[in-house]
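Residue numbers (my numbering), protein chains in the order written: chain A, 1 to 172; chain B, 1 to 420. Heads up, the beta-carbon is just placed ideally off N, CA and C, and yes, glycines get one too. The structure displayed is predicted, hence computed values, not measured ones. See below for the structure under consideration.
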Amino acid sequence: MAIKVVERHGNTFEEKMYISAIFSGMKTTLKHFTKNLSDSSNIQTVCYPESMPTDITSRYRGVHRLTHRREDNSIACVACFMCATACPAECIEIVAVDRQDGVDEKMPAIFNIDLLECVFCGYCVEACPCDAIRMDSGIFSVIGDKREDFVYDKEKLLSIKGISDEEYSLAK
Amino acid sequence: MNTLLILLPLILTLLFSLATVPILVWMERRVAALIQDRLGPNRCNINGIRLGGLIQSVADMMKLVFKEEFLPSHIKNRFYHLVAPSIAFASAFLTFMVIPYADNMVISGKTYVMQALPVDLGVLWFLAFAGLGVYGIILGGWASHNKYAMIGSMRATAQVIGYEVAMGLSLVSILITYGTISLNEMVTYQTQNFFYLPAWGIVLQPVATLIFIITAFAETNRAPFDAAEGESEIVAGYHTEYGAMKFGLYFVAEYIAMAASGALIVTMFLGGYQIPYLNTADLVNNFELILWIIIIFAIVSSTMFIRWVKKHNILIMDGLNETKVYTTLIISFTLFAVILMSYYALGFGGSNEVGVMILQVATFSIKLFLLHFIFVWVRWTLPRFRYDQTQKLGWNILLPISLLNIFITALVVVGVNYGN
């Protein structure tokens with residue numbers, strides 16, 4: 001087997017003096033400084049509340065939403081409790097009822113997500129067999145005055161629009 | 001007038017040490033941000049006026065002052081714990097007292113010394129108090145009775161042993177060159193020319209200058225020699241157990257020490273308050289011409305500055321219209337200064353001595369702030385030295401070089417004097 005000998009750097013006199021390396025480093029930082037001082041539009045910093053981030057994709061894990069069925073626009077969730085089981089923060093509260101309109105067997109009567117407890121891990125989305133819960137809303141900032149404001153109920157979750165192309169549930 | 005001129009150096013000392021601290025903090029944060037392609041503090045405002053983020057450092061200082069004073073119960077030596085930051089602060093502050101801000105002024109036969117403490121042993125005073133500043137750090141770390149603080153102060157001790165010798169020896173070669181320890185006489189010496197170059201310390205003694213600047217960085221405990229703080233390894237080092245204004249004193253002391261070292265470097269190596277090629281007598285005689293040059297410079301620079309502000313002030317805050325306020329202020333200030341200077345430039349004013357003094361103080365502060373910029377620039381470029389590397393640098397590299405430098409300097413000085 002051929003042995004590749006890697007030459008060690010830093011042993012020449014010039015490199016041991018450090019002076020040239022220090023000056024080239026200083027030159028780099030000064031270049032950044034003068035460039036940014038003369039034209040601050042190069043700086044990528046987003047002045048947040050005034051200008052919003054533009055790079056949030058549909059894969060960003062934002063606030064959850066519940067999807068609708070394509071056929072009749074009713075709730076896609078079948079209250080199987082998979083998401084509540086998968087949730088490590090135990091922030092999902094579901095109460096199931098029989099579904100009377102014949103579209104499916106079950107549906108949630110109550111579907112609450114406590115966003116103060118949620119860790120936004122996305123396990124609920126992965127666990128869902130019906131593509132009924134998604135986190136593609138793109139909402140990264142949730143504001144409220146009381147703790148109750150952060151508990152999103154079924155109607156609220158159904159009303160949130162997604163930013164991905166797919167609006168309805170993809171489940172068969 | 002008499003009292004004012006005697007008090008003036010004291011006022012200048014207060015301005016240069018205490019009043020520049022918020023400016024230095026602001027400069028540090030802004031320069032760091034721009035070097036790292038960020039914006040830096042730009043939100044804190046008083047009715048919409050942000051002064052480019054300067055209000056932030058005032059707000060930070062207010063926060064430190066009004067924070068609760070907290071003394072950990074495990075600390076046995078409360079006196080030492082309380083007195084340590086004061087030592088660091090006071091010695092950093094006292095270092096400034098011997099810096100000459102302008103040449104000795106002779107008005108109607110009376111000489112006014114532009115030094116807060118008119119003594120001739122400037123360099124010795126600096127060495128004494130700059131060395132004492134480290135004791136504040138060591139004592140603080142020891143009195144905190146905390147292992148991180150202890151390690152921090154041990155590192156500070158190790159560092160002092162490393163650099164102090166090289167610093168003293170690099171000063172010796174400078175003293176041999178100038179033949180004096182009075183800082184004002186050093187500046188007077190530097191007004192001469194040396195083969196078409198101003199005979200500044202950096203031209204005559206480049207090696208000693210480099211060594212002194214390196215050790216001055218170590219002296220002020222700033223990066224790349226801030227191993228005593230070492231926030232990535234030992235929490236916050238010597239000030240782990242300090243909060244509120246006790247921490248604030250350490251924080252301010254670091255910046256004052258930086259300002260003082262910078263002032264000494266300017267005085268000894270960069271010609272002090274002197275404008276290159278123009279000594280004090282030339283300035284007094286050609287004062288009108290110089291004023292006209294300054295007037296033109298002021299108009300051009302303020303126009304450029306207004307354009308820069310208009311281009312970059314894009315974040316609109318509530319309250320006053322900032323761009324408009326700045327433009328009005330700059331224009332009115334420039335007009336005022338131009339009118340005042342033209343009054344003197346046309347020869348209506350009386351003595352030129354005071355004008356020259358103001359000019360020299362301005363030169364000194366410009367040089368000082370350029371040097372502060374270098375301090376900040378180095379801090380945000382170079383990585384931290386490990387403390388054994390600092391010692392190795394001090395003992396193995398800087399000490400032999402400075403000894404050799406003394407030897408060569410002494411030979412040259414003796415040779416030149418013998419030749420004359």
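- Task: Determine, using beta carbons only, whether B:I234 and B:G355 come nearer to each other than 8 Å.
- Result: no
- Could you tell me the distance, in whole angstroms, from the CA atom of A:D104 to the CA atom of A:V78? 7 Å
- contact_flag[the region 195-203 of chain B, the region 265-277 of chain B] where n(CB pairs < 8 Å) is 3 or more: yes
- Message: 8 Å is my cut-off, CB to CB: does A:D33 come that close to chain B?
- Response: Looking at the sequence provided, one finds Phe at residue 33 of chain A rather than Asp. Cβ-Cβ to chain B under 8 Å: yes for A:F33.
- Query: How is A:M107 classed by DSSP in three states: helix, strand or coil?
  - Reply: strand
- Message: Less than 8 Å between C-beta atoms, sequence neighbours within five positions excluded: which residues of the same chain meet that for A:A96?
- Response: A79, F81, K106, M107, P108, A109
- With DSSP run on the structure shown, which of helix, strand or coil describes B:M154? helix
- Message: Nearest by alpha-carbon distance to B:V65: which of B:V98, B:L249, B:G133 is it?
- Response: B:L249
- Item | Neighbouring residues, chain A, relative to B:R38 (Cβ below 8 Å) | I43, T45
- Quick one: give me the first and last residue of the alpha helix (DSSP H) that A:E14 is part of. 13-17
- Should B:L264 go down as buried or exposed, given a rule of 16 or more other Cβ atoms within 10 Å for buried? buried
- Item | Residue-chain proximity (B:V309, chain A), Cβ-Cβ < 8 Å | no
- Message: Tell me the rounded alpha-carbon separation between B:L171 and B:I401.
- Response: 13 Å
- Message: For A:E117, would you say it is in contact with chain B, using Cβ-to-Cβ distances shorter than 8 Å as the test?
- Response: no
- Simplified DSSP state of B:Y273, which is helix, strand or coil: coil
- Item | Uninterrupted alpha helix (DSSP H) stretches inside the region 146-219 of chain B (no shorter than 4 residues) | 147-178, 183-189, 201-204, 206-219
- Query: So the alpha helix (DSSP H) B:V106 belongs to, where does it begin and stop?
  - Reply: Premise fails: B:V106 lies in the beta strand (DSSP E), 105-107, not in any alpha helix (DSSP H).
- Ignore the nearest five residues each way along the sequence and tell me which others in B:A236's own chain have a CB closer than 7 Å to its CB. E229
- Query: Closer than 8 Å, CB to CB, is B:L34 near chain A or not?
  - Reply: yes
- Are any of the Cβ atoms in chain A nearer than 8 Å to that of B:T381? yes
- Can B:L5 and B:Y112 be called in contact, C-beta distance under 8 Å? yes
- Query: Along chain B, in chain order, which residues have C-beta atoms closer than 8 Å to that of A:G25?
  - Reply: T381, L382
- Nearest-angstrom Cα distance between A:G62 and A:E71? 26 Å
- Item | Contacts around A:E167, its chain only, beta-carbon distance under 8 Å, and the 5 residues preceding and following it disregarded | T67, H68, K161
- Item | Integer Cβ distance of B:A88 from B:G136, believed to fall under 8 Å | 3 Å
- Message: With H, G and I counted as helix, E and B as strand and the rest as coil, what does DSSP make of A:I133?
- Response: strand
- Item | Rounded separation between B:E288 and B:I366 - CA only | 21 Å
- Message: Distance cutoff 8 Å, beta carbons only. Does A:T29 sit that close to anything in chain B?
- Response: yes
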